[in-house]
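Just so it is clear: in the sequence shown, position 262 is 264 by our numbering, and no numbers are missing.
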Amino acid sequence: MSSPTPEFGTPPAAAPAPQSTPPSSPLRREIRVVSHCSLFYWWPVWVVGFMMWIITMFSGHVMAIVPSGSTAVHNAIPKEDGKKDDTPRDAIVVPAKSKLPHESGNKDRLENPHLAMSNNKNLGVLFVAVLLLVVVITNIPLRGLWSVIVIVFVISLAIIFALLEWWTIILSWLSILDIRINAAGYFVISLVLFILWLVVMLLFDRQIYMVFTPGQMRVCLEIGDAETAYDTSGMTIQKQRSDLFRHWILGLGSGDLIVKTAGSQTHEFHMPNVLFIGRKVKEIEEMLRSRQVVTGGS
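Structure below.
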């Protein structure tokens, strides 16, 4: 009697090895911090200047240059050679011994008014006010508590003036102030400032920077200077107290950054006027914490 042939089954397939997922990288492998000069805060001047230029160009008024002592006459009857026109018009009458300016290169013809200028004196007053505010804010730092003190002082002063009924007197004196700039003045000032602002922002300021990578920081503090690398172990990052007027109103969330290295030779770097400093500091701290976790776990 023959013995049954043993049946050999197919061996079970080996289970696939679990694939290891790569460790998640930090938020950004490279964080670049750029320091800007104080010209960055001058953007309201050229923005307001361009606005005043557009308003002046479309105001439909021009400036007439007349000698001192000229008077305005209402409903004057013009007299032109060979023409009879009895329609009353407003006119400017110059003194007897004075003359209006002549056209360039033609002394036989008077120069017609052509310089565009608005009849609203408040345009020039507003432009000068913005210019002076920017000069004061960019040159007088008011950090932390000083910003609060200045705001409280201004509000208290306004309330005191209202209780003493001084605002009527102050506004009446301010109404006498008459500042007028023609369209070309607004345009030239704004265009020059805008070009300088662009060149400095996009070219010169980008040459002064810090680059943070996991474990290393590269610094360039002079235009054309070589980079210097530092280890980020034990490094401290500090954001200076913000100037409410300069950093938030004009700087749109900028601030000053202080970086201190560790080791036998410590260095301290100041990076003023860093844009979006809150987000930059958060990303740098996340990168430094991620490196410490990886180093401690390895």
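Each residue gets a CB set at the ideal place from its N, CA and C atoms; glycine is no exception.
The structure displayed is predicted, hence computed values, not measured ones.
By Cβ distance below 8 Å, which residues in the same chain neighbour residue i in space, the five residues on each side in sequence not counted?
i: Lys99; result: none
i: Gly280; result: Lys241, Gly255, Gly257
i: Trp199; result: Leu41, Phe42, Trp44, Trp45, Trp48
i: Pro115; result: Val64, Met65, Ala66, Ile67
i: Val136; result: Tyr43, Trp44, Pro46, Val47, Leu252
i: Gln218; result: Ala231, Tyr232, Asp233, Thr234
i: Val283; result: Ile239, Lys241, Leu259
i: Tyr188; result: Gly51, Phe52, Met54, Trp55, Thr58, Phe129
i: Lys109; result: none
The beta strand (DSSP E) with residue i in it runs from where to where?
i: Leu135; result: Here Leu135 belongs to no beta strand (DSSP E); instead the alpha helix (DSSP H) covers 124 to 141.
i: Gln240; result: 238 to 241
i: Leu259; result: 257 to 262
i: Met119; result: Here Met119 belongs to no beta strand (DSSP E), and DSSP marks it neither H nor E.
i: Arg145; result: Per DSSP, Arg145 belongs to no beta strand (DSSP E) and is neither H nor E.
i: Arg34; result: 33 to 36
i: Phe42; result: Premise fails: Phe42 is in no beta strand (DSSP E) and is neither H nor E.
i: His272; result: 270 to 276
i: Ala231; result: 230 to 233
To the nearest angstrom, report how far apart residue i and residue j are at their CA atoms.
i: Pro25; j: Asn275; result: Any reading at Pro25 must be qualified, since the residue scores a pLDDT of 47, below 50, and its modelled position is unreliable; no value is offered.
i: Gly71; j: Gln242; result: 58 Å
i: Gly62; j: Ile171; result: 33 Å
i: Ile161; j: Ile153; result: 12 Å
i: Arg34; j: Met53; result: 34 Å
i: Arg182; j: Met119; result: 8 Å
i: Leu29; j: Phe278; result: Summary for Leu29: the model assigns pLDDT 44, below 50, so the residue's position carries little reliability; its value from the coordinates is reported in the next sentence. Their Cα atoms are separated by approximately 16 Å.
i: Ser244; j: Glu224; result: 25 Å
i: Gly2; j: Gly236; result: Any answer about residue 2 is impossible in this case: the structure gives the chain only from 3 up to 300.
i: Lys262; j: His272; result: 9 Å
i: Ser192; j: Gly51; result: 5 Å
i: Val151; j: Val75; result: The displayed chain sequence assigns Ile, not Val, to residue 151. If you take the alpha carbons of Ile151 and Val75, they lie about 54 Å apart.
i: Leu204; j: Phe196; result: 12 Å
i: Thr73; j: Glu105; result: 22 Å
i: Ser302; j: Ala93; result: Outside the shown range of the chain (3 to 300) lies residue 302, about which nothing can therefore be said.
For residue i, which residues of its own chain have a beta-carbon under 6 Å away from its beta-carbon, when the five flanking residues on both sides are left out?
i: Leu133; result: Val47
i: His249; result: Ser256, Gly257
i: Gln209; result: Ile225
The alpha helix (DSSP H) spanning residue i covers which residue range?
i: Gly51; result: 45 to 59
Which residues in the same chain as residue i place their Cβ atom closer than 7 Å to its Cβ, once the five residues preceding and following it in sequence are excluded?
i: Asn124; result: none
i: Glu229; result: Arg220, Val221, Cys222
i: Asn121; result: Ser61, His63
i: Val306; result: Residue 306 lies beyond the stretch modelled for the chain, which goes from 3 to 300, so this question has no answer here.
i: Pro69; result: Val96, Pro97, Ser100
Since residue i contacts residue j with CB under 8 Å, what's their CB separation in whole angstroms?
i: Leu102; j: Leu112; result: 5 Å
i: Phe247; j: Ile139; result: 5 Å
i: Asp227; j: Ser37; result: Incorrect: roughly 13 Å between the Cβ atoms, too far for contact.
i: Leu179; j: Val127; result: 6 Å
Is residue i near the ligand ADP, judged by its Cβ being under 6 Å from some heavy atom?
i: Pro274; result: In the structure shown, the ligand ADP is absent, as is every other ligand, since no ligand is present at all.
Worksheet item: Hey, which unbroken runs of the alpha helix (DSSP H) at 4 residues or more fall wholly within the region 156 to 225?
Response: 169 to 178, 185 to 201
Practice prompt. Run through the region 62 to 117 for me and flag every whole beta strand (DSSP E) of 3 or more residues, listed as ranges in chain order.
Written response: 73 to 78, 91 to 95, 108 to 112
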